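Numbering (our numbering), first residue to last: 1 to 329.
Encoded as structure tokens, the structure appears first; notes follow it.
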Amino acid sequence: MRIIYFGAEVIAERCLAALLKAGHDVVGVVTLPAAPSSSLQRLLQRLRPSGLEALARRHRLPLVRPAKLRSPDFLEWLERQRPDLLVVSIYDKILPPEVLAMARLGGMNLHPSLLPRWRGPAPVARAILSGESETGFTLHMMDEGVDTGPILSLHRIPLQPEDTLLDVFDRMADAAPAAMLEAIAGLESGTLHAVKQEGVVTGAPRITFAEGHLDWRAPAEHLLRMIRACHPQPGAFAFAGDTVTAILEADPVPGRPGAVPGEVLEAGPRGVVIQSGDGALRCRKLRQQGQLLPPKDYGRIFNVGEVVPSGDWSQLDLSAGLGIPELAR
Numbered sequence: 001m002r003i004i005y006f007g008a009e010v011i012a013e014r015c016l017a018a019l020l021k022a023g024h025d026v027v028g029v030v031t032l033p034a035a036p037s038s039s040l041q042r043l044l045q046r047l048r049p050s051g052l053e054a055l056a057r058r059h060r061l062p063l064v065r066p067a068k069l070r071s072p073d074f075l076e077w078l079e080r081q082r083p084d085l086l087v088v089s090i091y092d093k094i095l096p097p098e099v100l101a102m103a104r105l106g107g108m109n110l111h112p113s114l115l116p117r118w119r120g121p122a123p124v125a126r127a128i129l130s131g132e133s134e135t136g137f138t139l140h141m142m143d144e145g146v147d148t149g150p151i152l153s154l155h156r157i158p159l160q161p162e163d164t165l166l167d168v169f170d171r172m173a174d175a176a177p178a179a180m181l182e183a184i185a186g187l188e189s190g191t192l193h194a195v196k197q198e199g200v201v202t203g204a205p206r207i208t209f210a211e212g213h214l215d216w217r218a219p220a221e222h223l224l225r226m227i228r229a230c231h232p233q234p235g236a237f238a239f240a241g242d243t244v245t246a247i248l249e250a251d252p253v254p255g256r257p258g259a260v261p262g263e264v265l266e267a268g269p270r271g272v273v274i275q276s277g278d279g280a281l282r283c284r285k286l287r288q289q290g291q292l293l294p295p296k297d298y299g300r301i302f303n304v305g306e307v308v309p310s311g312d313w314s315q316l317d318l319s320a321g322l323g324i325p326e327l328a329r
């Protein structure tokens, strides 16, 4: 089977390595332009720079970086490869019908959620934010919609209480290659058939800057979920004076009776303790302007007794998945 592979980060690299080791005929690799416009790809490339390009070059595979998937040059190149299947792993661009039509079997995508839950660009972060007990990834055939195509297989991954965004992506990177190989084998033999998505459809929009501004009136558990969902990039944040300070790690601790949400109860090498709506958080790993702060500086940056400004979570319905809208079915 002739495969064109689309991907851009570590999960994509591991899946491509598995395809090559299994002897699949990968006739080309498509990745993002050198300066990716997607916030997800910027995030993942900063966390763990991908060796996808080096892997492709080591195996002398054609490597292309189309700025636009509908460009005549890219479509002509794709047609010359005569692919049987397009395989996509967190490529973060929607493949248009003209591209999907180039492959005899169409396109197969790896999406990091249990579809139809969390369609969109931030499924793992939204699962963590909602306090779910599991997430996973879906292998599905692609159509013109966003993560709407019929499902080939679902793979569940438990969410642990302390999981961060990076933790979950690491576990997906471990599990995805074998699942992808199994799905391709099923498609090639004709024994695996896609089935229509069923269940509650929810969207997974990107976490906005405003969402990342911690609202100290919120319950400590909500604040911790936001910190984990944003770790280590872009980082949930508070203001120290006029400076945005990302909070990368925190633990719940007892609050102080009479303290107001956002009040700094302690600031020193052990962390910055800030009152929340129902307790307090000890913030023990901080970053400013892209640099980790040494704990000895915490007491200089935050003053005991000051009230840190809050964001606004008042419009979020925590019982319904943080107010994320259901999509049309």
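Positions of the beta carbon are idealized from the N, C-alpha and C atoms, including for glycine.
No experiment lies behind these values; they were computed from the predicted model shown.
- Beta-bridge partners assigned by DSSP to Cys283: Ala250 and Val272.
- Between the alpha carbons of Asp278 and Val253 lies a distance of about 10 Å.
- Looking at the DSSP output, Ala179 shares a beta bridge with no other residue.
- One Cα belongs to Ala220, the other to Ala280, and the distance between them is close to 6 Å.
- Leu187 and Gly107 have their C-alpha atoms some 11 Å from each other.
- Beta-bridge partners assigned by DSSP to Ser153: Leu139.
- 8 Å or more divides the Cβ of Leu115 from the Cβ of Thr135.
- For the pair Leu61 and Val26, the CB atoms are nearer than the 8 Å cut-off.
- Remark: C-beta atoms of Tyr298 and Gly271 approach each other more closely than 8 Å.
- Between Leu248 and Lys296, the CB-CB gap reaches or exceeds 8 Å.
- With 16 or more neighbouring CB atoms inside 10 Å of its own CB, Pro121 falls in the buried class.
- Remark: three or more beta-carbon pairs, one from each stretch, lie closer than 8 Å, so the stretch 153-170 and the stretch 222-242 are flagged as touching.
- Around the CB of Val304, fewer than 16 other CB atoms lie within 10 Å, so the residue is classed as exposed.
- Between the stretch 65-76 and the stretch 139-149, the count of C-beta pairs closer than 8 Å stays below three; the two stretches do not touch.
- For Phe6, the uninterrupted beta strand (DSSP E) segment begins and ends at Arg2 to Gly7.
- Inter-residue distance for Ile151 and Lys196 is about 6 Å (C-alpha atoms, whole angstroms).
- With 16 or more other Cβ atoms inside 10 Å of its own Cβ, Val264 counts as buried.
- Ile11 and Ala125 do not touch by the CB rule: their CB atoms are close to 15 Å apart, not below 8 Å.
- DSSP links Arg70 through a beta bridge to no other residue.
- Leu214 counts as buried, since no fewer than 16 other beta carbons sit within 10 angstroms of its beta carbon.
- Apart from sequence neighbours up to five positions away, the residues of its chain that approach Glu53 with a beta-carbon distance below 7 Å are Thr31 and Leu63, ordered along the chain.
- Contiguous alpha helix (DSSP H) elements confined to the stretch 188-253 occur at 209-212 and 220-229, taking only those with 4 or more residues.
- Within 10 angstroms of the beta-carbon of Val273 lie 16 or more other beta-carbons, which makes it buried.
- Per the coordinates, the alpha-carbon of Arg171 lies some 35 Å from the alpha-carbon of Ala267.
- Under the three-pair Cβ rule at 8 Å, the stretch 171-181 does not count as touching the stretch 236-245.
- Between the alpha carbons of Trp77 and Pro97 lies a gap of roughly 16 Å.
- In this structure, Tyr91 lies near Ala8, with their beta-carbon atoms less than 8 Å apart.
- Taking a contact as a CB-CB distance under 8 Å, the pair Arg119 and Val200 does not count as one, their CB atoms being some 11 Å apart.
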